[in-house]
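Structure, as structure tokens:
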Amino acid sequence: MNEILTLITGADRGMGFEIAKELGQVGQHVLIGARNYERGMLAVDELRKQDIDADIVLLDVADEDSIIAAQHNITESFGHLDILINNTGITLDNWEKPSTLSIDKIRGDFDVNFFGLVSVTQHMLPLLKNSSSAKIINISSAVGSLNIASDPTSSVYQHFSFGYQASKAAVNMFTIDLANELKNSHITVNSVNPGWVATDSPVGGGPKTLQEGVARTVELASQATNSINGTFSDTDGIVPW
Ligand SMILES: NC(=O)c1ccc[n+]([C@@H]2O[C@H](COP(=O)([O-])OP(=O)(O)OC[C@H]3O[C@@H](n4cnc5c(N)ncnc54)[C@H](OP(=O)(O)O)[C@@H]3O)[C@@H](O)[C@H]2O)c1
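For the sequence shown, position 214 matches number 214 in the working numbering, and the numbering has no gaps at all.
Set out below in structure tokens:
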């Protein structure tokens, strides 16, 4: 059987690295998306030491030229892609009021979390179409759920990170619409909520371990069947949009 080829964006550290490690451990060939060559190679070397099949793909999701170059490199080396995990995410705003949050910060969040994610996906789609069974997993967040964020009994109701939250809500809309467009194809599209996880991200520092944070993503990415499409889920089940 051919090795499953998986690209993870923002995989030199944090949950992206953990996803790469765990999928590598179950035999997938992981492509470490990294915007910095040295940091990316440190991650690749660490995985190779554990006998994981890993390569670097230089990829800054906020830079169209970098995305195009990454697509060309994967096309030349492999000709296809089986799984795309859009993990990269940043938070330029945290605990700032929506009434005064600067447009520059909101745009910055959207450039990486939404426009970057959409552009990477659009450019990788021809490669995913060359796979016999392909998956796109978008790492979203419960703070981007309109249902949860508008529920006064939820802790997210108290959370002010409007630019980040809106970018993740927009990611979820992309998941819904792309999953619908591709529903009769061999490509599935889903959003995942990691929960609040102990990483270096400004929204990190939560109680969940890296392993707990990536568990739903790893489960979806390693399922042999590929029938789940157009969902938003975490380890507890379906998350409301
Ligand atoms: N941590 C949480 O509690 C939590 C909760 C809900 C959702 N999430 C989401 O889960 C995902 C992973 O979060 P995390 O906490 O693991 O993040 P993290 O530790 O802050 O790591 C972020 C990763 O994204 C990369 N990155 C940043 N900007 C990039 C760009 N322009 N192009 C390519 N890569 C870029 C970083 O690379 P560099 O090393 O080069 O900076 C790093 O590898 C994100 O989408 C985040 O929004 C996290």
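Every residue, glycine too, gets a C-beta built ideally from N, C-alpha and C.
Residue 137 is classed as buried because its beta carbon has at least 16 other beta carbons within 10 Å across all chains shown.
A check of alpha carbon separations from residue 143 across 160, 128 and 23 identifies 160 as the nearest. Of the candidates 122, 220 and 169, 122 places its Cα closest to the Cα of residue 182.
Under the three-pair Cβ rule at 8 Å, the segment 144-153 does not count as touching the segment 202-222. Following the DSSP letters along the chain, one finds residue 192 inside the beta strand (DSSP E) bounded by residues 187-192. Closest by C-alpha distance to residue 199, out of 14, 10 and 7, is 14. The alpha-carbon separation between residue 196 and residue 66 amounts to approximately 30 Å. In this structure, ligand 1 has no non-hydrogen atom nearer than 8 Å to the beta-carbon of residue 124. Taken through DSSP and simplified to helix, strand or coil, residue 3 comes out as coil. Annotated as distal: residue 201 and residue 110, with beta-carbon spacing of 9 Å or more. Ligand 1 has a heavy atom closer than 8 Å to the beta-carbon of residue 168. With contacts defined as CB atoms closer than 9 Å, residue 40 and residue 12 qualify as a contacting pair. Note: residue 135 is bridge-paired with 83 and 188 in the DSSP secondary-structure output. Distances from the alpha-carbon of residue 82 to those of 55, 61, 68 and 125 put 125 closest.
In this structure, residue 120 sits near residue 86, with a CB-CB distance shorter than 9 Å. Along the segment 10-61, the beta strand (DSSP E) occurs as fully enclosed runs of 3 or more residues at 29-34 and 54-58, listed in sequence order. With three or more CB-CB distances shorter than 8 Å, the segment 227-234 counts as touching the segment 178-194.
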